[in-house]
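Undergrad:
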Amino acid sequence: MGERWRERFPALLAIALPVLVGLAYMATGGAPSAYLIVNGAALALSALIVLIGLPPLGRRARIIAVAGLLALFALPLLTGPSMNGIARWLPIGPFILHAGMLTIPALAVLAARDDRLGPPALAAALLIALAQPDFASAFALIGGAIGAYQVRSDWRFGLVVIGGFFIAIAAALQGELPAVPFVERIIIDALPTAPLMAALIALSIAGAVLIMLFGTGLPRIARYPTGMSLFGFWLAALISNYPTPLAGYGAAAIIGYALAHAVAFALPDAAQERA
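For the record, in the sequence shown the residue sitting at position 78 is 114 according to our numbering, with numbers rising by one throughout.
1) To the nearest angstrom, how far is it from the Cα of I198 to the Cα of L158?
2) Taking L274 as the reference, give the member of R152, Q210 and L227 with the closest Cα.
3) Should G292 and P54 be called a contact, given that it needs their Cβ atoms to be closer than 9 angstroms?
4) What are the residues that DSSP puts in a beta bridge with I132?
5) Just the Cα atoms here: how many angstroms apart are G286 and A172?
6) Check whether the Cβ atoms of M154 and A135 lie closer than 9 angstroms to each other.
7) Are the CB atoms of A296 and S265 nearer to each other than 9 angstroms?
8) In its own chain, which residues sit with a C-beta less than 8 angstroms from the C-beta of T64, not counting the 5 before and 5 after it?
9) Can you give the Cα-Cα distance for E309 and I257, rounded to whole angstroms?
10) Within the continuous alpha helix (DSSP H) that includes P156, where are the two ends?
11) Would you kindly work out how many angstroms separate the C-alpha atoms of A52 and R96, rounded to a whole number?
12) Applying the 10 Å Cβ sphere with the 16-neighbour rule, what's the burial state of W270?
13) In the DSSP assignment, the alpha helix (DSSP H) including I203 goes from what residue to what residue?
14) Using a 10 Å radius around the Cβ and a threshold of 16 neighbouring Cβ atoms, would you call Q168 buried or exposed?
15) Any idea what DSSP makes of P228, helix, strand or coil?
16) How many whole angstroms separate the CB atoms of A288 and L133, which I take to be in contact at a CB cut-off of 8 angstroms?
17) What did DSSP end up calling P261 once you bin it into helix, strand or coil?
18) Going by alpha carbons, who is nearest to G160 out of G253, G66, A110 and A67?
19) L56 to A235, Cα distance in whole Å?
20) Does DSSP put P54 in a helix, a strand or coil?
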């Protein structure tokens, strides 16, 4: 257990750092206590997911996982809830989870791992993001495809990136909602009253991106799509009214990036190139 803890601690740190800073911001900024409870519980669950992990994932298991993640990502289109024609949330009892933040991190890892399955899977996910519509999910998928292209130099991932930009623009033109305090635009909202906290939130998310990109000890084929997808979510949150990943209220990104790292650690070592 000690060896597993040492191996996986950097991945857990990348998730926990912005979550803890976000909890501090919520506690000092007057957020509802339920927000702190939900994010704190999600962080505890993410620690279990990362540390316990998954069994080794063979090719058949990876194909099933990709299909399941795509289906889960698309589920809000069938179940709702919907607001102004926008359906990007999964209803889980009394909570709703952002479908993209829950599924895209692990999907990006699995897609990058398979040069035949990966590009079509990312393209299908981009079409789902357009249908929802969700600019943030589209940007995260572009980030994942960029990460895969950086390692594989496969033109098919490059084509996904190019197509993804057009899809992201289309989603942005029809998918914006008013910002919710402590969920969207938290860095911008914190700047006038708590500039130090705003800086800490920004630094914590930037630190999480860098740790995921370079510090988890995983192969590049897992690190780059994971870190770049987080950067995509964050960039969308800075550009417009989209959830701030990990630091803002919402369990989806916290659980989603824990699942992504659990998947990455479960991929066969022999099939991955280590940096």
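Cβ atoms here follow ideal geometry from the backbone N, Cα and C, with glycine treated the same way.
TA: According to the structure shown:
1) In the sequence shown, counting from the first residue as 1, residue 198 sits at position 162. In the sequence shown, counting from the first residue as 1, residue 158 sits at position 122. The straight-line gap from Cα to Cα measures roughly 12 angstroms.
2) Within the sequence shown, the letter at position 238 stands for residue 274. Residue L227 is the option with its Cα nearest to L274.
3) Position 256 of the sequence shown, counting from 1, holds the residue named residue 292. Position 18 of the sequence shown, counting from 1, holds the residue named residue 54. Contact: no.
4) In the sequence shown, the residue the question calls residue 132 occupies position 96. In the DSSP output, where bridge partners are listed per residue, I132 has P127.
5) Locating residue 286 in the sequence shown gives position 250, counting from the first residue. Locating residue 172 in the sequence shown gives position 136, counting from the first residue. So the alpha carbons of these two residues sit roughly 15 angstroms apart.
6) Sequence index remark: in the sequence shown, residue 154 carries index 118 (1-based). Sequence index remark: in the sequence shown, residue 135 carries index 99 (1-based). Note that residue 154 corresponds to Gly in the displayed sequence, not to Met. In this structure, A135 does not lie closer than 9 angstroms to G154 by Cβ.
7) Translated into the one-based positions of the sequence shown, residue 296 becomes position 260. Translated into the one-based positions of the sequence shown, residue 265 becomes position 229. Yes, these two residues count as a Cβ contact at 9 angstroms.
8) Start at 1 with the first residue of the sequence shown, and residue 64 comes out as number 28. Here the set comprises A230 and M233.
9) Mapped onto the sequence shown, residue 309 falls at position 273. Mapped onto the sequence shown, residue 257 falls at position 221. Note that E309 has pLDDT 43, beneath the 50 cutoff, so the model's placement of it is unreliable and the number below is only indicative. Distance between the alpha carbons of E309 and I257 is about 7 angstroms.
10) Along the sequence shown, one-based indexing puts residue 156 at 120. Looking at the DSSP string, the run of the alpha helix (DSSP H) that includes P156 is G154 to A167.
11) In the sequence shown, counting from the first residue as 1, residue 52 sits at position 16. In the sequence shown, counting from the first residue as 1, residue 96 sits at position 60. Distance between the alpha carbons of A52 and R96: 32 angstroms.
12) For the purposes of this step, residue 270 is taken as residue 234 along the sequence shown, with counting starting at 1. Label assigned to W270: buried.
13) The residue you call residue 203 lines up with position 167 of the sequence shown. First-last of the alpha helix (DSSP H) with I203: W191 to Q210.
14) What you label residue 168 is simply residue 132 of the sequence shown in a count that begins at 1. Q168 should be labelled buried.
15) Taking the first residue of the sequence shown as position 1, residue 228 is located at position 192. Three-state DSSP puts P228 in a helix.
16) Numbered from 1 along the sequence shown, position 252 holds the residue referred to as residue 288. Numbered from 1 along the sequence shown, position 97 holds the residue referred to as residue 133. Yes, A288 and L133 are in contact; Cβ-Cβ is about 4 angstroms, under 8 angstroms.
17) Counted from its first residue, the sequence shown places residue 261 at position 225. Note: P261 maps to helix in three-state DSSP.
18) In the sequence shown, counting from the first residue as 1, residue 160 sits at position 124. What sits at residue 160 in the sequence shown is Ala, not Gly. Measuring from the Cα of A160, the nearest candidate turns out to be A110.
19) The sequence position of residue 56 within the sequence shown is 20, counting from 1. The sequence position of residue 235 within the sequence shown is 199, counting from 1. The alpha-carbon atoms of L56 and A235 are separated by roughly 14 angstroms.
20) If you number the sequence shown from 1, residue 54 lands on position 18. The answer is helix: DSSP assigns P54 an H, G or I state.
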